[in-house]
Every structure is written in structure tokens, then in C-alpha cells.
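Shown next, in C-alpha cells, is the structure this report addresses.
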Amino acid sequence: MVRLRRTSPEERGWTRRRSGPGFAYLDEHGERLPEDAVARVTGLVIPPAWTDVWITPHVNGHLQAVGTDDAGRRQYLYHPQWRARRDAEKFDRVLGFGEALGRSRPRILEDLSRRGMPPERACATAVRLLDLGCFRIGDDVYADRHGSFGLTTLERGHVRRAGEALVFRFTGKSGVGHRIEIDDAAVGRAIDAMRRRGDGEATLLSFRDRGGWHRLTPALVNDYVRASTGVEATAKDFRTWHATVLAAATLAEHGEQAASATARRRAVAATMRDVAAFLGNTPAVTRTSYVDPRVVSAYDEGRTIARAVRGRHADDDARQLAVERATLRLIRG
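Letter 293 of the sequence shown, counting from 1, is numbered 293 in UniProt numbering, and no numbers are missing.
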């Protein structure tokens with residue numbers, strides 16, 4: 001394990017420029033890098049689409065490279081040790097979020113039942129959708145440039161009724177098609193009201209005040225997430241938490257079958273495929289970025305949440321809460 005040093009794109013660094021079918025890499029003085037340095041840089045796997053790329057000269061820099069993606073957003077590549085440390089902190093924080101979420105649902109449901117469409121009801125609708133459907137929050141740039149949508153950029157035409165349920169169909173990040181079915185009466189009533197509004201705007205999620213109808217933004221939703229849970233959290237944490245819980249529940253179903261190490265590896269791989277399909281991600285990204293690794297470690301040790309998964313519960317919400325609490329106990333040992 002190396003000792004990391006803080007690095008910043010404000011410091012002088014290396015750059016790259018197009019050269020034939022590939023790139024040339026230049027040092028702080030504009031000279032081409034030697035072969036060993038080029039090998040290190042290519043090993044970072046900086047996406048070809050990035051522009052304005054900065055690369056630290058320090059092999060032990062906590063921040064290895066920065067660039068601008070095709071959506072105009074700054075993106076960062078970190079040293080593997082730094083990323084592992086931050087991931088561990090993220091999963092610890094998400095545990096606190098998961099615990100707080102269970103306590104906050106009664107307030108969210110209360111706000112969801114308000115009359116009219118004040119900001120509280122609109123935000124509660126969005127958060128309930130995040131909780132039930134694990135939507136991405138949405139980004140205007142992606143919607144405008146790529147025709148891909150998230151929760152706050154969905155349009156009225158992306159949802160329809162199928163009996164008592166709502167069916168959302170849309171293209172998400174990376175061009176992945178999504179079909180998400182939500183069977184929740186309170187959410188259905190709120191979405192129906194938003195779809196029927198008369199302002200002529202295509203965007204689905206909105207609220208009303210004395211000034212008329214207004215679009216619901218990611219910032220408003222994230223503020224509501226923090227206010228309702230009482231912890232520092234954002235809409236992104238729903239996907240991480242639910243991926244972890246779903247992985248724990250799915251592995252519990254494999255528990256009795258996986259007697260050998262080979263069977264356990266296959267069960268973990270199958271679980272990651274299932275969770276990835278739920279999220280609309282790849283299995284590799286799902287395992288590294290969304291599922292708390294302690295769930296897999298517990299499974300390898302023979303510990304699962306089978307009792308909670310197989311238990312009898314009053315309804316789906318009660319079952320979800322029981323499975324979440326069991327997942328918390330599993331991870332915390």
C-alpha cells in the first residue's frame with residue numbers, strides 16, 4: 001500500500017491531444033512523455049470522449065486524472081486506494097441512510113396525502129418513486145443532448161395507466177431502455193393530477209403554488225430527502241441502498257443450495273446480474289459501486305437474511321422494512 005498525496009488539476013500536469021487514431025501525451029512543458037509514463041497513463045483508461053484532460057505526474061496522487069465528458073460535466077479518475085477508501089465511507093454512510101429511511105416513510109406517506117399539489121406532496125411523490133422504482137434523479141443536459149431521461153426529466157408521455165398500476169417507459173443513461181411498474185395508490189393519484197394539469201409543459205413532475213405550476217428539480221428533491229430522513233443524503237443513495245438490500249435478499253434465496261465455493265461464486269454472479277437488471281447497470285458496475293461488499297462477505301461466511309426473506313408480513317411495505325432491518329444487522333455483524 002502506497003502513501004497517497006493530494007493532487008489537484010490546479011497544479012501543473014500532463015495533457016493529451018489527438019494524434020492520428022489515438023492520443024499523444026505531453027508533460028508540463030509540452031514534450032512527449034517517455035514510454036513508461038505513457039504506459040501508466042494508458043493504464044488509467046481515460047475515456048476517449050473526454051476533453052480538456054489533466055493528468056497528475058504523481059503515480060501516488062489521490063486524483064489521477066480529470067476531464068470533461070460529452071455532456072459537459074467534469075469527471076474524475078482516482079487512485080484505486082483512494083477509491084476503495086471512499087467506497088467504504090460511502091457504504092457506511094448509506095447504512096445510516098437506510099436506517100433513517102425506514103423511520104421517515106410515515107412522514108413521506110403523510111406528505112403524499114396532502115390536498116392539491118404543494119411542493120411537499122410533489123417531493124413526497126418523487127421520493128416514493130425513488131423508493132419503489134430506484135429511478136435515477138435525471139439531468140437536463142442528458143435529456144437535451146442524448147434524449148435520455150431520469151425521474152425529474154420524465155415527460156407526461158413516459159407514463160401510462162395499466163389498471164391500478166403506473167407503467168413508466170423511457171430511455172435512461174447510456175441509452176438503456178427502462179420499464180418500471182409502480183403499484184401504489186397514493187403515487188398513482190398524485191401522478192394523475194400532474195398529468196392532468198393544464199400548463200402545457202411536457203415535464204411530468206411538478207408542483208403548484210400561487211404563481212402556478214413549476215417543475216420539480218433535483219435540488220428540491222434532494223433537499224426533501226435530507227429533511228425527511230434527517231441525514232446527509234441524496235436521491236443517488238436510494239439506488240445504492242436498494243441494490244444492497246436486493247443483493248442480500250437474493251443471496252439468501254441461494255443460501256441452502258450453495259454448499260461449495262464454486263456454487264457460491266455462481267450464486268454471487270447470478271445475484272449481481274439480477275441486481276444489475278433492476279438498476280439498469282452492468283453486473284461489474286453493480287458489484288463495485290452499488291452493492292455493499294460486506295453482503296457478499298457475509299454470504300461467503302454462511303450468513304444470510306433468509307429468515308426475514310421467508311417470514312410472513314402484513315404487506316409489501318412491512319416485508320421491505322423487515323428485509324432492510326435484517327440487511328442492516330447482517331452488515332453490522
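Note that beta-carbon positions come from the ideal geometry of N, C-alpha and C, so glycine has one too.
Listed in chain order, the beta strand (DSSP E) runs fully inside the UniProt domain "DNA topoisomerase IB N-terminal" (22-69) are 22-26, 51-55 and 63-68, counting runs of at least 3 residues. Between the segment 26-43 and the segment 75-92, the count of C-beta pairs closer than 8 Å stays below three; the two stretches do not touch.
Note that the segment 180-188 touches the segment 147-166; at least 3 beta-carbon pairs, one per stretch, sit closer than 8 Å. Pairwise C-beta distances place the segment 88-97 out of contact with the segment 209-217, as fewer than three of them are shorter than 8 Å.
Boundaries of the beta strand (DSSP E) harbouring Y76: R74 to Y78, taken from the DSSP string.
In the DSSP annotation of this structure, the continuous segment of the alpha helix (DSSP H) that includes A186 starts and ends at A185 to R196. Rounded to whole angstroms, the separation of the alpha carbons of V295 and A276 is 16 Å. As for any alpha helix (DSSP H) of minimum length 4 sitting wholly inside the segment 256-301, the runs are 261-279 and 293-300, ordered along the chain. The Cβ atoms of G72 and W54 lie no closer than 9 Å to each other. By the beta-carbon neighbour count (other beta carbons within 10 angstroms, threshold 16), T262 is exposed. Between V309 and E253, the beta carbon gap of about 7 Å places them in contact (Cβ cut-off 8 Å). For G175, the three-state secondary structure derived from DSSP is helix. Pairing Y299 with L246 gives a Cβ-Cβ distance that is not under 9 Å. With distances taken between CA atoms, D140 lies nearest to L154 out of R128, V127, L132 and L154. Taking C-beta atoms as the reference points, G175 and R169 fail to come closer than 9 Å. The residues T240 and A243, in chain order, have a CB closer than 6 Å to that of Y290 in the same chain once the five nearest residues on each side in sequence are set aside. In this structure, the beta-carbon distance from L63 to T15 does not fall below 9 Å. Judged by their CB atoms, E28 and R17 are not nearer to each other than the 9 Å cut-off. Here A124 has I108, D111 and L112 as same chain residues with Cβ atoms under 6 Å from its own Cβ, once five neighbours each way along the sequence are excluded. Between R156 and A202, the C-beta spacing is below 9 Å. Only residues of its own chain outside the window of five on either side were considered, and among them G67 and T68 have a CB closer than 7 Å to the CB of D52, listed in chain order.
Here I180 carries a strand assignment [DSSP, helix/strand/coil]. For the 9 Å CB-CB criterion, A326 and R312 do not form a contact. The three-state reading of DSSP puts G212 in strand, counting E and B together. Under the DSSP assignment, S228 falls in the alpha helix (DSSP H) whose first and last residues are P218 to T229. Under a 10 Å Cβ-count criterion, A65 is classified as buried, with 16 or more other Cβ atoms of the shown protein chains found around its own Cβ. The continuous stretches of alpha helix (DSSP H) do not include A162, which lies in the beta strand (DSSP E) extending over residues V159 to A162. Within the segment 70-129, the complete beta strand (DSSP E) runs of at least 3 residues fall at 74-78. Contact annotation, L151 with A126: C-beta distance approximately 6 Å; criterion of less than 8 Å satisfied. Just so you know, the alpha carbons of D223 and T229 end up roughly 10 Å apart.
One alpha carbon belongs to A267, the other to S206, and they sit about 42 Å apart. For I180, the closest of V59, G133 and R197 by C-alpha to C-alpha distance is G133. Note that the C-beta distance between D87 and T234 is not below 9 Å. CA-to-CA, the gap between V38 and P47 works out to about 15 Å.
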